[in-house]
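Have a look at the structure below, then the notes.
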Amino acid sequence: MLQGTGSDVGKSLIVTALCRIARGRGIRVAPFKPQNMSNNAAACAGGEIGRAQAVQAQAAGLAPEVDFNPVLLKPETDRRAQVVVHGTAVNSMDAADYMARRGARMQAVVESFERLVNAYELIVVEGAGSPAEINLRAGDIANMGFARQVHIPVCLIGDIDKGGVIASLVGTQAVLAPEDAALIRGFLVNKFRGDPRLFDAGVAAIESRTGWPCFGVIPWLAGAASLPAEDAVVLADGSGPSDGSGPSGGSVPAGVGDSENDYSNAAGAGGRSTGARLKIVAPMLSRLANFDDADPLRLEPGVDFRWVPPGQPLPRDADIVILFGTKSTLGDLAFLRDQGWDHDILAHARGGGRVLGLCGGYQMLGAGIVDPDGADGPPGEAPGLGLLDVRTEMTGPKTVCPVQGRCLATELPVTGYEIHVGLTTGDDCARPLFDLDGRADGARSIDGLIEGSYVHGVFGNDEFRRAWLRRAGGGGSNLDYTAAVEQAIDSVADGVGRAVDIEALLDCAAPPSGLPNAAP
45 MLQGTGSDVG KSLIVTALCR IARGRGIRVA PFKPQNMSNN AAACAGGEIG RAQAVQAQAA
105 GLAPEVDFNP VLLKPETDRR AQVVVHGTAV NSMDAADYMA RRGARMQAVV ESFERLVNAY
165 ELIVVEGAGS PAEINLRAGD IANMGFARQV HIPVCLIGDI DKGGVIASLV GTQAVLAPED
225 AALIRGFLVN KFRGDPRLFD AGVAAIESRT GWPCFGVIPW LAGAASLPAE DAVVLADGSG
285 PSDGSGPSGG SVPAGVGDSE NDYSNAAGAG GRSTGARLKI VAPMLSRLAN FDDADPLRLE
345 PGVDFRWVPP GQPLPRDADI VILFGTKSTL GDLAFLRDQG WDHDILAHAR GGGRVLGLCG
405 GYQMLGAGIV DPDGADGPPG EAPGLGLLDV RTEMTGPKTV CPVQGRCLAT ELPVTGYEIH
465 VGLTTGDDCA RPLFDLDGRA DGARSIDGLI EGSYVHGVFG NDEFRRAWLR RAGGGGSNLD
525 YTAAVEQAID SVADGVGRAV DIEALLDCAA PPSGLPNAAP
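Here the sequence shown is numbered in this note's numbering, starting from 45 and rising by one per residue.
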């Protein structure tokens, strides 16, 4: 099990790398994260799991399964989250209530883990946050609570780029209960820039103070920038993941954005971009979900894609504005208006600019949204942006499923997935974007410049993405997105493999004892 001294230290990325390394050695390997907190989810057979576990499954050569992430928390507000167990949303709870009752989820976690142990030779487990948060130790199912439940060895990861890595590793041992600390077999130092020999004295200091061996010092891995990220914390630079940590497993903060120079045209004269690249911008909503929909666009050489952080206006010279998904449509619609982005989007549309809404973003583009029972957050209703003649009622069961079909504008095949609540109807639905095996999805304005859809992952379809960009005035490319992700996984696996004593790490692995009734 890989645990970290904090959130965003690179746990998910290293699990991804180890899954690819083990697969390359012919080991039947699977990822596992007992409890995740993220609004970036992946649909799979049986429900939804955290995006990082889907990427880790890909690294292991597996289709995603709900057992890879049995408990998923999807924040709706700062104090409330939807609870997903074995892929199915069971309820929404205040943080305090969940923390008081989370120990009851251990049975579901152990059931999933036991099934994986019986099916695979190696399970690489990812913790969440940090075991040093000892105020959360009682009832813990994500870190040492789980590790002790099934008696598995732990490797602790520290992030040197954050600073204070010696103190964070030594300090973690200092605050852990002796029985928890005894499970830690060694440590890794992640995100090192420069010559790792310069940290030899630091490694020696940690080893002497903890008695733990160092399994390796991992360099800053640029290849992680091409991997789908799990949390909005990686969007802090405005363009997407580039911090060398790849997918991460913490909360979903709004983040801060680019320097003002990146938006120097925002207050300038109106009009579409005149540059060689198509300029696409997306507001960074407070409960942004499934924002990895943007990843294929970020990798396109002919596209200048930018996330716009809170406090910044949308650039007036943008060619396309995209509203991505959100875990709380009404909440983020209010947030969008608080930022003044509604005026920017309406002005962009009046000037002939294109607007695309995906999932919650699609719902915002309509005339109104009603949620009488609080299916997608606190109950309420609000007018939408009015760019599409549709209305959404948050009703019925949650839709979570892979989908396939064709684009009605181009007849090109598409695959993707849906994760949403709500039924959207209206006159513009008579012009759907997709036919999903006989079921219409989405809506288009009469002039075709405003589009909305519930389908995530559509830009991962290379031919569809190229055709969509050409219709918007851009040029196509030969980008093979699936191959690019595979190459990125190989790249980070190579980097981790060179830096880490893989044999020593694997030697730590041992069959968990006493399943399913191990001592707490």
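Beta carbons are placed, not taken as given, at the ideal position from N, Cα and C, and that holds for glycine.
Computed from a predicted structure; not experimentally measured.
For residue j and residue i, the rounded distance between their alpha carbons
{"i": "Leu341", "j": "Pro555", "result": "43 Å"}
{"i": "Phe503", "j": "Glu120", "result": "26 Å"}
{"i": "Leu242", "j": "Ala248", "result": "12 Å"}
{"i": "Arg149", "j": "Leu62", "result": "27 Å"}
{"i": "Gln596", "j": "Arg394", "result": "Residue 596 lies beyond the residue range present for the chain, which begins at 45 and ends at 564; the question has no answer from this structure."}
{"i": "Lys118", "j": "Tyr142", "result": "12 Å"}
{"i": "Ile228", "j": "Pro263", "result": "22 Å"}
{"i": "Gly183", "j": "Pro175", "result": "12 Å"}
{"i": "Asp194", "j": "Leu550", "result": "The amino acid occupying residue 194 in the given sequence is Val; Asp does not appear at that position. Taking the straight line joining both Cα atoms gives about 18 Å."}
{"i": "Gly397", "j": "Asp239", "result": "48 Å"}
{"i": "Asp244", "j": "Ala107", "result": "40 Å"}
{"i": "Met408", "j": "His500", "result": "16 Å"}
{"i": "Arg381", "j": "Leu329", "result": "11 Å"}
{"i": "Glu530", "j": "Asp339", "result": "14 Å"}
{"i": "Gly486", "j": "Ala474", "result": "9 Å"}
{"i": "Pro272", "j": "Thr526", "result": "11 Å"}
{"i": "Leu322", "j": "Asp363", "result": "6 Å"}
{"i": "Asp524", "j": "Val99", "result": "17 Å"}
{"i": "Asp472", "j": "Tyr406", "result": "12 Å"}
{"i": "Ala172", "j": "Glu507", "result": "37 Å"}
{"i": "Thr389", "j": "Ile250", "result": "Here the sequence assigns Ile to residue 389, which means Thr is not the residue at that position. Between Ile389 and Ile250, the C-alpha separation is close to 52 Å."}
{"i": "Ala553", "j": "Gly541", "result": "17 Å"}
{"i": "Val110", "j": "Gln79", "result": "12 Å"}
{"i": "Asn234", "j": "Val414", "result": "46 Å"}
{"i": "Thr459", "j": "Arg509", "result": "12 Å"}
{"i": "Ser270", "j": "Ala528", "result": "7 Å"}
{"i": "Val544", "j": "Asp122", "result": "37 Å"}
{"i": "Val296", "j": "Gly90", "result": "Unreliable placement is indicated for Val296, whose pLDDT of 29 sits below 50; the coordinate value is still reported in the next sentence. Approximately 24 Å, taken between the alpha carbons."}
{"i": "Arg159", "j": "Pro114", "result": "11 Å"}
{"i": "Ile366", "j": "Glu547", "result": "46 Å"}
{"i": "Leu57", "j": "Gly418", "result": "35 Å"}
{"i": "Ala320", "j": "Leu513", "result": "13 Å"}
{"i": "Glu177", "j": "Pro357", "result": "37 Å"}
{"i": "Gly384", "j": "Ala139", "result": "30 Å"}
{"i": "Lys442", "j": "Ala133", "result": "8 Å"}
{"i": "Thr49", "j": "Arg72", "result": "28 Å"}
{"i": "Ala391", "j": "Gly519", "result": "25 Å"}
{"i": "Gly131", "j": "Val444", "result": "9 Å"}
{"i": "Ile196", "j": "Met45", "result": "7 Å"}
{"i": "Ala104", "j": "Cys88", "result": "16 Å"}
{"i": "Gly404", "j": "Pro257", "result": "47 Å"}
{"i": "Met188", "j": "Arg181", "result": "8 Å"}
{"i": "Gln217", "j": "Gln47", "result": "12 Å"}
{"i": "Gly94", "j": "Phe349", "result": "24 Å"}
Cross-strand partners of residue i (DSSP beta bridge)
{"i": "Asn80", "result": "Leu116"}
{"i": "Leu467", "result": "Glu437"}
{"i": "Ile364", "result": "Ile324, Arg398"}
{"i": "Ser51", "result": "In DSSP, Ser51 forms no bridge with anything."}
{"i": "Pro228", "result": "Checking the sequence, you will find Ile at residue 228 rather than Pro. In the DSSP output, where bridge partners are listed per residue, Ile228 has Val198."}
{"i": "Leu213", "result": "Paired residue(s): none; Leu213 is not in a bridge."}
{"i": "Leu332", "result": "Thr370"}
{"i": "Val458", "result": "Gly449"}
{"i": "Asn234", "result": "Asp203"}
{"i": "Asp348", "result": "Lys323"}
{"i": "Thr121", "result": "Arg124"}
{"i": "Leu33", "result": "Look at the range of the chain in this structure, 45 to 564, and you will see that residue 33 is not part of it."}
Proximity of residue i and residue j at Cβ, strictly below 8 Å
{"i": "Phe259", "j": "Phe236", "result": "no"}
{"i": "Val347", "j": "Val325", "result": "no"}
{"i": "Leu213", "j": "Thr254", "result": "yes"}
{"i": "Gly492", "j": "Leu432", "result": "no"}
{"i": "Val399", "j": "Ile494", "result": "yes"}
{"i": "Ala268", "j": "Leu166", "result": "no"}
{"i": "Pro423", "j": "Ala411", "result": "no"}
{"i": "Glu155", "j": "Leu116", "result": "no"}
{"i": "Arg146", "j": "Ile185", "result": "yes"}
{"i": "Val169", "j": "Phe112", "result": "no"}
{"i": "Ser535", "j": "Glu344", "result": "no"}
Check: residue i C-beta below 7 Å from any heavy atom of the ligand COA
{"i": "Gly173", "result": "Of ligands this structure carries none, so the ligand COA is not represented either."}
Every unbroken beta strand (DSSP E) within the segment 378 to 418, with a cutoff of 3 residues, ordered by chain: 398 to 402, 412 to 415
Cβ contact (3+ pairs, closer than 8 Å) linking the segment 433 to 453 and the segment 477 to 486: yes
contact_flag[the segment 332 to 339, the segment 353 to 373] where n(CB pairs < 8 Å) is 3 or more: yes
Three-pair Cβ contact test at 8 Å for the segment 465 to 478 versus the segment 425 to 442: yes
Alpha helix (DSSP H) runs contained entirely in the segment 142 to 181, provided each spans 4 or more residues: 150 to 163
Secondary structure, beta strand (DSSP E): runs of 3+ residues fully inside the segment 479 to 543: 483 to 485, 494 to 497
Ordered list of beta strand (DSSP E) runs contained in the segment 240 to 274, each at least 3 residues: 258 to 263
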